[in-house]
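>
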Amino acid sequence: MSTVTVFASPSSWIESDAVAQCHRVAALDGMTHVAGMPDLHPGKGAPIGAAMTSAVLYPFLVGSDIGCGIAVFPIRIKRPVPERLAARFPDLDRPVEAGDLPGYGWDGEIPAGHTEGLGTVGRGNHFVELARVGEVLDAGHARRLGLAGGDLLLIVHSGSRGLGERILRAHTEVHGAGPAPAPEAYLARHDEAVRWGSLNRRLMAARVADALGAAPAEPIVDECHNLVEVREGAYLHRKGAARGDGRDVLVAGTRGTPSYLVAAHAGADAGYSVAHGAGRKMSRADALRRGRAKHTVEELRRTPVGSVVVCGDRQLLFEEAPTAYKRIEQVIGDLAGFGLATPVVTTVPLVTYKTVARGPKSFTPRRTG
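The structure is reproduced here in structure tokens:
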């Protein structure tokens, strides 16, 4: 019989609709366990912030943005003044041409041959952020990652930019929300989208480092939170849940609050997973309506922590306002309280990039050699 466990304390904001979705998923043929994370919230057809184990592979449980994840890159910048750096961010709505990839350190094949949207961030809750390390909460883990208070980091949250959607649509047009009739074939395409998402995060980090006059670096964290893996003979689906089996994970706050880098050590009851962020507590429509009544655009472009938000889309500013999300401190407290993760450091935003205003802005790719 399938079971459901939600790893959230009584004081956490967990919508009944999200819990109901967990139980509906648990009732699917072949399901054995659904683990809800403390950032659990309702999604389209399936909960977001959940790890779902089954003898059957269900593509709709992973969703359309296969390969979405968060990567963290060290970066060195002298005198990081947020306003000046915000003006230097490249246009991450504009793709990189395939021929320019060697200039950003990539000369391999592009997974699935998918050239659309290379080096772009996308919309929704995706972002690229320049942040500094705030509190060091576990000195041993921080030293292992080479981090100290005040260090600068680039945090990149994005996915497979249309590739995952194409893969899911090919399935749903024939099978709807049903299982994959040929799991190996789906997994082969799925794995390409996961690799593509990781490549895309590296490209964006290289683009931003180049624009800010810094050297590109390898990520110290790069964890996907929309994927399925074969584990112990079963399919472990994750939708908005990061792999938590001995990995380092950046659990994103909001653009007006810290994020937390954690050392994850979640077990089977939690689907070997941890939360991937604060989790929405308002729908986009509610955030837009309430935000317009409480805030101006100018207020939302300067956050309570003193950071700058680069976002030319006014509607997106309101939809992604910090008040639309749960308290990240509560999410982290639950992860630690249930023994799923150890907080290592906080990261405090300096510049958060969402999207630029449309215009003639251009960029020059880094050249090597």
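Letter by letter, the sequence shown follows residues 1448 to 1816 in the numbering used here. Glycine is no exception: its CB is placed at the ideal position from the N, C-alpha and C atoms. All values reported here derive from a predicted model rather than from experimental measurement.
1) I need the straight-line Cα distance from Ala1640 to Ala1711, nearest angstrom please.
2) How about Val1451 and Val1481: do their beta carbons lie closer than 7 angstroms?
3) Using a Cβ-Cβ cut-off of 7 angstroms (strictly less than) and excluding sequence neighbours within five positions of Pro1506, which residues of its own chain qualify?
4) In terms of residues, what are the limits of the beta strand (DSSP E) holding Glu1745?
5) Less than 7 angstroms between the C-beta atoms of Gly1738 and Ala1768, yes or no?
6) At a cut of 8 angstroms, does the segment 1778 to 1795 reach the segment 1542 to 1553 through at least three beta carbon pairs?
7) Straight-line CA distance for Gly1477 to Cys1758?
8) In terms of DSSP beta bridges, what is Ala1601 paired with?
9) Do you know offhand how far Gly1816's Cα is from Asp1657's?
10) Output the distance between the C-alpha atoms of Leu1764 and Thr1704, rounded to the nearest integer angstrom.
11) Answer yes or no: do Pro1558 and Trp1643 have a C-beta to C-beta separation smaller than 7 angstroms?
12) Taking the alpha carbon of Ser1720 as the point to measure from, which residue in Ala1498, Phe1574, Glu1766, Leu1697 has its own alpha carbon closest?
13) Cβ of Arg1654 less than 7 angstroms from any chain D Cβ?
14) Tell me the DSSP bridge mates of Gly1724?
15) What runs of the alpha helix (DSSP H), each 4 residues or longer, lie entirely inside the segment 1448 to 1503?
16) For Asp1669, collect the residues of the same chain with a Cβ closer than 7 angstroms to its Cβ; drop the 5 residues on either side in sequence, then sort them by chain order.
17) Inspect the beta-carbon positions of His1637 and His1604 and report whether they are closer than 7 angstroms.
18) Asn1673 lies in the beta strand (DSSP E); which residues open and close that run?
19) Between Val1756 and Thr1701, how many whole angstroms is the CB-CB distance? I'm expecting something under 8 angstroms.
20) Could you check the C-alpha separation between Ser1501 and Met1651 for me, to the nearest Å?
21) Please state whether the Cβ-Cβ distance between Ala1722 and Val1698 is less than 7 angstroms.
22) Taking His1684 as the reference, give the member of Val1453, Gly1496, Phe1454 with the closest Cα.
23) Counting pairs of Cβ atoms below 8 angstroms between the segment 1575 to 1592 and the segment 1785 to 1801, do you hit three or more?
24) From Asp1760 to Ala1740, what distance separates their C-alpha atoms?
25) Do you know offhand how far Arg1523's Cα is from Ala1578's?
26) Using C-beta distances below 8 angstroms, list every residue in its chain close to Asp1464, excluding the 5 sequence neighbours before and after it, in chain order.
Checking against the coordinates, here is how it stands:
1) C-alpha separation (whole angstroms): 24 angstroms.
2) In this structure, Val1481 lies closer than 7 angstroms to Val1451 by Cβ.
3) Correct list, in chain order: Leu1615, His1618, Ala1627, Tyr1633.
4) For Glu1745, no beta strand (DSSP E) segment is defined; the enclosing uninterrupted segment is the alpha helix (DSSP H) at 1744 to 1747.
5) Contact: yes.
6) In this structure the segment 1778 to 1795 does not touch the segment 1542 to 1553; the number of beta carbon pairs closer than 8 angstroms is below three.
7) If you take the alpha carbons of Gly1477 and Cys1758, they lie about 43 angstroms apart.
8) Per the sequence shown, residue 1601 should be read as Leu rather than Ala. Partner(s): Phe1520, Leu1577.
9) Confidence at Gly1816 is low in this model, with a pLDDT of 34, below 50, so the placement of that residue is unreliable and no value is reported for it.
10) Approximately 15 angstroms, taken between the alpha carbons.
11) In this structure, Trp1643 lies closer than 7 angstroms to Pro1558 by Cβ.
12) Across the set Ala1498, Phe1574, Glu1766, Leu1697, the C-alpha of Ala1498 shows the shortest separation from the C-alpha of Ser1720.
13) The displayed structure is made up of one protein chain only, and chain D is not part of it.
14) Gly1724 has Ala1699 as its beta-bridge partners, per DSSP.
15) Along the segment 1448 to 1503, the alpha helix (DSSP H) occurs as fully enclosed runs of 4 or more residues at 1463 to 1473, listed in sequence order.
16) Here Asp1669 has Gly1516, Ala1518, Ser1645, Arg1648 as same chain residues with Cβ atoms under 7 angstroms from its own Cβ, once five neighbours each way along the sequence are excluded.
17) Not a contact, by the Cβ cut-off of 7 angstroms.
18) Run containing Asn1673: 1673 to 1678, per the beta strand (DSSP E) assignment.
19) Wrong, their Cβ atoms sit about 10 angstroms apart, outside the cutoff.
20) Taking the Cα positions, Ser1501 is about 35 angstroms away from Met1651.
21) For Ala1722 and Val1698, yes; Cβs fall inside 7 angstroms.
22) Minimum Cα distance to His1684 is reached at Gly1496.
23) Segments in contact, yes.
24) Cα to Cα, Asp1760 sits roughly 17 angstroms from Ala1740.
25) Those two C-alpha atoms are separated by around 11 angstroms.
26) Once the five neighbours on either side are set aside, the close Cβ partners of Asp1464 are Pro1489.
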